[in-house]
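Under the numbering used here, the letters of the first sequence match residues 323 to 908, in that order.
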Amino acid sequence: MTLPEVIREKLLFELERQGVEGEMLKRVAVVPTADLQHGDYQSNAAMMLAKMAKRNPRELATGVKEGLDESLEGVASCEIAGPGFLNFRVLEGEFVRRLGVVGQDERFGCPEVQESQTIVLDFSAPNVAKPMHVGHIRSTVIGESLARIATFLGHRVIRDNHIGDWGTQFGMVLWAWKKGVDEAALEEEPLRELLRLYRLGSSASKGDEGTADDCRNELVKLQQGDAENRGIWERCVALSKEGLERIYARLDVSFDCWLGESFYNAELAGLVESLIEGGFARESEGAICVFSGGGSEPKKDPYLKKGEDGFEDYPLIVRKRDGGFNYATTDIATIDYRLREWEAEQIWYVVDFRQEDHFTRLFDLAKRRGCKAELVHVKFGTILGKDGTPLKTRAGDLPELEDVLNDALAAARKSVGEKSLLDDPKEQEELAELIGLSAIKFMELSHRRESDYMYDLEKMVALEGDTAPYLQYSYVRCRSIFRKLEEEVELDGEGLELREEREVHLARMLVRFGEVVPQVLEDLRPNVLASYLLELARAYHSFFQACPVLKSEGAVLKTRLTLCEVTAGVLKKGLGLLGIGVPERM
RNA sequence: GCGCUCGUAGCUCAAUUGGAUAGAGCGCCUGACUACGGAUCAGGAGGUUUGGGGUUCGACUCCCUACGAGCGUGCCA
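What follows is the structure in structure tokens.
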């Protein structure tokens with residue numbers, strides 16, 4: 323058990339003895355203090371419960387403290403402060419003991435969840451025939467990290483890349499392909515040629531209704547199984563996938579399956595029929611739509627929106643007037659499949675916040691149809707340029723993901739050229755690739771996912787401060803001590819002594835790893851882990867500066883080496899959970 | 001118009017979901033043992049948390065209001 327878990331358990335026992343019971347106890351929390359002056363952990367339980375039970379908080383706290391002094395003996399001391407805070411100061415002996423244990427544990431003290439669940443993680447989901455753009459960084463990197471963390475905590479995770487391989491854009495590509503595909507260019511640079519075709523079709527249909535109709539017809543023919551269109555489509559998908567795989571390899575991202583929109587095509591017609599039969603959908607303005615189930619008051623009903631005269635319907639459209647299906651239909655079929663084939667208990671969609679309305683209605687419909695799984699829209703904000711508006715190229719498009727990666731790589735090369743101790747050009751290049759891509763990933767993961775954030779290449783050129791290279795450098799520093807160590811010391815976690823305050827603080831941070839990782843899944847926020855790693859690295863550098871390791875002897879040497887080793891392990895593990903690797907030298 | 005998200009140091013972001021004196025990085029200013037890797041460390045200046053009300057022991061966080069930004073708003077995804 324982690325320290326706050328131990329403290330909480332004893333605290334609950336004492337609270338019960340004081341006559342607090344039932345639901346109220348569930349809300350009792352033990353959290354790290356904001357300021358170490360107040361100890362390591364604190365609980366505001368006495369104040370909260372006293373309010374609910376109309377008792378005096380300090381009185382309740384005093385009663386609890388007496389019992390805690392005894393039950394926490396040897397682990398932590400307890401004090402009452404302010405209006406009724408219970409502050410806990412962990413004893414050095416307990417840190418020593420835990421440091422020894424954590425250092426011997428492959429999981430570094432991080433417990434697995436008690437009930438493993440099957441979680442389908444839907445992330446990245448690029449469109450075929452269009453290159454990935456910056457927006458895909460967020461979904462891809464956040465999704466990969468959540469997948470790794472959930473797996474580490476003991477869940478069964480299925481990573482599904484729900485690619486857009488069946489949508490409207492294909493009508494445009496098919497139309498332009500038939501106008502004149504450049505086979506030589508397709509051979510040379512397939513993605514560029516596909517993009518050219520998409521843009522051609524897109525701009526042609528924007529200006530001209532007739533062309534737009536032609537594009538739609540091409541799509542309908544494809545969806546109805548036309549052999550020629552099907553053949554072109556298959557080539558496009560294959561070529562696109564190759565390009566996508568290359569980027570995923572660079573980002574160290576992987577999937578268990580790629581069940582794109584086309585995979586569900588055959589089920590859609592029957593699905594819509596069953597929605598009608600089940601009373602969920604009906605005809606409206608030529609389309610088949612799902613309307614409100616009347617389950618909630620109009621103000622909160624996702625199928626209604628306020629118009630000029632009262633509430634108007636805002637339905638989920640599952641079959642268009644032209645008979646075609648759209649992403650809502652596919653998404654419903656996808657949920658059905660995931661429940662049926664995988665017995666999913668949770669489905670997480672890592673998708674842009676702008677699709678919130680869509681998911682709210684989609685999830686509501688799923689519940690009405692009897693879906694028991696927990697459906698979560700893991701939403702994220704926009705990446706902004708330096709002017710504070712969404713990042714765009716000069717031409718007005720979203721920058722391509724690969725260009726952004728290469729910019730980061732160029733910046734990292736420069737930095738490596740200036741600072742690296744590596745001589746071999748090949749190693750330097752590998753390091754630059756690692757550092758450059760890590761910097762992007764970490765920038766992404768260290769922000770709160772719901773908020774927009776600013777992409778600033780110049781800031782990343784520096785690779786200083788709160789960045790991935792700072793953490794990687796911390797790891798390298800830990801490792802380099804062991805290369806200089808002349809005789810081997812057995813690090814078995816026994817006979818350790820923490821004397822200096824900075825040693826204690828580093829141990830305090832190391833022991834906290836097991837508390838932080840599960841916290842990420844509470845709100846699906848990897849930035850919690852990212853902040854922790856920065857704080858840990860700062861504690862390490864501070865320790866490193868003040869406490870010579872190799873010049874020390876005996877128990878001090880052993881303790882400091884242990885601190886270095888465990889720090890290296892936690893950094894590597896923690897970064898790994900964010901999808902970021904570490905170099906041995908840099 | 002309506003709805004969602006948001007507004008925190010000069011800049012970029014945090015703040016354990018209502019807890020104690022709002023924290024980091026960048027930038028700026030002082031310093032660091034020829035040092036186990038200076039991509040580092042120790043310290044300093046910098047804030048009426050957009051303005052105004054309210055709720056309470058306690059508010060960046062919740063409620064109301066004004067201003068400002070981004071996004072969404074029936075057949076794209």
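For every residue, glycine included, the Cβ atom is placed at its ideal position computed from N, Cα and C.
The alpha helix (DSSP H) enclosing residue i, as first and last residue numbers
i, result
"Ile459", "457-474"
"Tyr777", "Tyr777 -> no alpha helix (DSSP H), and no H or E assigned at all."
"Leu858", "849-868"
"Arg641", "No alpha helix (DSSP H) contains Arg641, which is instead part of the beta strand (DSSP E) from 638-641."
"Lys689", "678-690"
"Ser525", "512-529"
"Lys387", "379-393"
"Tyr792", "790-806"
"Leu938", "Because the chain in this structure spans residues 323 to 908, residue 938 falls outside the shown range and cannot be described."
Residue i - partner residues in DSSP beta bridges
i, result
"Gly486", "Asn449"
"Lys701", "Val673"
"Cys400", "Phe410"
"Arg481", "Leu443"
"Gln668", "Ile441, Glu696"
"Val726", "According to DSSP, Val726 bridges with nothing at all."
"Pro712", "Leu706"
Close-in-space but distant-in-sequence residues of the same chain around residue i (CB under 6 angstroms, 5 per side omitted)
i, result
"Thr881", "Leu818, Glu819"
"Arg735", "Ala754"
"Ser584", "Asp487, Trp488"
"Gln841", "Val850"
Reduced DSSP secondary structure (H/G/I, E/B, other) of residue i
i, result
"Leu626", "strand"
"Met369", "helix"
"Val811", "coil"
"Thr889", "helix"
"Phe602", "coil"
"Tyr363", "strand"
"Gly493", "helix"
"Phe647", "coil"
"Asp548", "coil"
"Glu338", "helix"
"Ile902", "coil"
"Val612", "strand"
"Leu566", "helix"
"Glu327", "helix"
"Leu706", "strand"
"Pro354", "strand"
"Cys579", "strand"
"Pro721", "coil"
"Arg349", "coil"
"Asp504", "coil"
"Val435", "coil"
"Ser874", "coil"
"Glu416", "helix"
"Gly344", "coil"
Residue i CB to nearest heavy atom of the ligand MN below 7 angstroms
i, result
"Trp555", "In the structure shown, the ligand MN is absent, as is every other ligand, since no ligand is present at all."
Residue range of the beta strand (DSSP E) that includes residue i
i, result
"Ile441", "440-444"
"Gly836", "It is not in any beta strand (DSSP E) - Gly836 instead sits in the alpha helix (DSSP H) that spans 835-845."
"Asp635", "632-635"
Cβ shell of residue i (< 7 angstroms), same chain only, five flanking positions each side left out
i, result
"Phe866", "Arg799"
"Gly389", "Glu336, Arg339"
"Gly836", "Thr324, Phe430, Gly431, Cys432, Pro433"
"Leu516", "Ala451, Val495, Cys558, Leu561, Ser562"
"Leu358", "none"
"Ser864", "Arg824"
"Ile569", "Met454, Leu723, Glu724"
Beta-carbon separation (whole angstroms), residue i vs residue j, contact threshold 8 angstroms
i, j, result
"Cys611", "Leu638", "7 angstroms"
"Ser438", "His477", "5 angstroms"
"Ala852", "Ser768", "4 angstroms"
"Leu706", "Leu713", "6 angstroms"
"Val350", "Glu466", "Not confirmed; about 35 angstroms, so no contact."
"Asp729", "Leu779", "6 angstroms"
"Ile464", "Phe702", "6 angstroms"
"Leu413", "Val397", "6 angstroms"
"Asp444", "Tyr671", "5 angstroms"
"Asp482", "Leu581", "6 angstroms"
"Pro448", "Leu566", "6 angstroms"
Nonlocal neighbours in the same chain, by C-beta distance under 8 angstroms from residue i, ignoring five residues either side
i, result
"Thr913", "Residue 913 is absent from the structure shown; the chain starts at 323 and stops at 908."
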